[in-house]
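Worksheet: one structure, shown below.
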Amino acid sequence: MTETDIQIITKEKYQDEESAEQKIIFDNNIFEQIKGKELDLSVEKIFEIPTMRNWFKQQKEEYYVVSQREHIIDCKYTKAKAKIPIINKRIINKEIQDIKAKNPIKYVHLEGTEIRIKACFRERIDTPIEIYLADDRIIQPIEKSIISAVKGNLIYQKIKFIISVNYSVAINNRNIDKSLVLYWKMSGIELAPGSKIFTARCKNLYVLTTKHKTTAKNKINKIKIEDPFGRIVAVIDNLIIVIIRLI
0 MTETDIQIIT
10 KEKYQDEESA
20 EQKIIFDNNI
30 FEQIKGKELD
40 LSVEKIFEIP
50 TMRNWFKQQK
60 EEYYVVSQRE
70 HIIDCKYTKA
80 KAKIPIINKR
90 IINKEIQDIK
100 AKNPIKYVHL
110 EGTEIRIKAC
120 FRERIDTPIE
130 IYLADDRIIQ
140 PIEKSIISAV
150 KGNLIYQKIK
160 FIISVNYSVA
170 INNRNIDKSL
180 VLYWKMSGIE
190 LAPGSKIFTA
200 RCKNLYVLTT
210 KHKTTAKNKI
220 NKIKIEDPFG
230 RIVAVIDNLI
240 IVIIRLI
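116 is the number that the working numbering gives to position 117 of the sequence shown; each next residue is one higher, with no gaps.
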């Protein structure tokens with residue numbers, strides 16, 4: 000007996016925003032005929048049958064999104080308490096509606112973000128700045144919420160770097176807006192109230208997908224700093240110091 004001899008009673012598939020389910024049912028008579036024959040239905044083998052493996056295999060749909068948004072920062076937001084949510088649930092839901100995928104899109108996989116900071120004041124003013132990218136869904140231990148951190152200086156008016164993120168978030172997560180957040184802390188200059196101190200441009204790459212995407216890249220260098228910014232931007236390795244500054 001081969002797998003083509005299996006008489007399937009019913010096949011079921013169900014999928015929505017919350018879950019996905021597939022099921023195959025065949026009766027005991029068929030099972031008794033199969034037992035001990037060349038088609039092995041032991042726990043170890045049943046999932047290797049191509050018919051079942053292919054049937055249970057979900058069709059994956061992926062849609063890559065590159066987005067860019069520039070934020071104009073008021074001078075009152077120069078301390079670490081200020082933040083920008085990089086992922087916006089309202090915008091993502093609108094993108095999903097525009098895509099009209101065949102199957103429900105249930106995840107957003109965050110690939111990476113390019114951060115560019117430009118000063119709204121003249122060059123050659125010594126203005127140290129620290130940038131932190133965090134997953135604010137993680138509340139304990141707090142140091143695990145920090146994805147990456149860099150320190151630089153706006154003495155030449157501009158800094159730029161790329162951070163690799165590489166994790167997925169469920170679309171129906173109530174805290175999706177907290178999943179990727181930009182913090183900063185700046186010193187060396189004080190402007191009159193109402194002045195704008197710098198702009199933060201966030202260029203993002205993410206994937207809207209029907210399946211939970213994991214790439215397991217295990218990248219050692221999560222931050223890429225290109226010339227000429229390597230002279231004025233450096234990675235902050237001590238996350239304990241980062242946490243102290245954020246508090």
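Where a beta carbon is used, it is the ideal one built from N, C-alpha and C, also for glycine.
Could you pull out every unbroken beta strand (DSSP E) segment of at least 3 residues lying fully inside the region 127-197, listed in chain order? 127-133, 145-152, 157-169, 180-185
Euclidean distance between Cα positions of isoleucine 231 and histidine 108: 31 Å
Taking C-alpha atoms, which residue in Ser144, Lys177, Thr198, Lys93 lies nearest to isoleucine 85? Lys177
Boundaries of the alpha helix (DSSP H) in which glutamine 96 is found, first to last residue: 88-98
CA nearest to the CA of tyrosine 297, picked from Asn102, Ile138, Asn165, Tyr131: This structure leaves residue 297 out entirely; the chain is present only between 0 and 246.
Among Ile104, Ile124, Arg115, Gly111, which has the Cα closest to the Cα of leucine 190? Ile124
Report the three-state DSSP secondary structure of arginine 230 (helix, strand or coil). helix
Considering just the uninterrupted stretch of the beta strand (DSSP E) at proline 103, what are its terminal residues? Where proline 103 is concerned, there is no enclosing beta strand (DSSP E), given that its DSSP letter is neither H nor E.
Candidates Ile114, Thr213, Thr208: which alpha carbon is nearest isoleucine 95's? Thr208
Considering only C-alpha positions, which residue in the set Glu129, Ile116, Ala148, Asp134 is nearest to glutamate 69? Ile116
Just to confirm, is the Cβ distance from isoleucine 145 to tyrosine 131 under 8 Å? yes
Can you tell me where the beta strand (DSSP E) with aspartate 73 in it begins and where it stops? 61-73
From asparagine 87 to isoleucine 175, what does the alpha carbon distance come to, in whole angstroms? 7 Å
Valine 234, buried or exposed, once every other Cβ within 10 Å from all chains shown has been counted against 16: exposed
Quick one: what's got a C-beta closer than 6 Å to cysteine 74's C-beta in the same chain, skipping five residues either side? Leu190, Ser194, Ile196
Quick check on glutamate 225: does DSSP put it in helix, strand or coil? coil
Whose C-beta lies closer than 6 Å to the C-beta of valine 168 among residues of the same chain, with five residues either side of it excluded? Val107, Ile175, Ser178
Within its chain, find whatever has a CB closer than 8 Å to the CB of valine 180; leave out the 5 residues flanking it on each side and keep chain order. Lys82, Ile83, Pro84, Ile85, Leu132, Ala133, Asp134, Asp135
Here's the rule: buried if 16 or more other CB atoms are within 10 angstroms of the residue's CB, otherwise exposed. What is asparagine 92? exposed
Using only CA atoms, which one of Lys159, Glu60, Gln156, Ile138 lies nearest to lysine 105? Glu60
If you reduce the DSSP assignment to three classes, tell me which class leucine 38 lands in. Its pLDDT being 49, under 50, leucine 38 is placed unreliably by the model, and nothing is read from it.
What residues are listed by DSSP as bridge partners for threonine 208? Glu61, Tyr106
Reduced DSSP category for glutamate 113 - H, G, I as helix; E, B as strand; rest coil: strand
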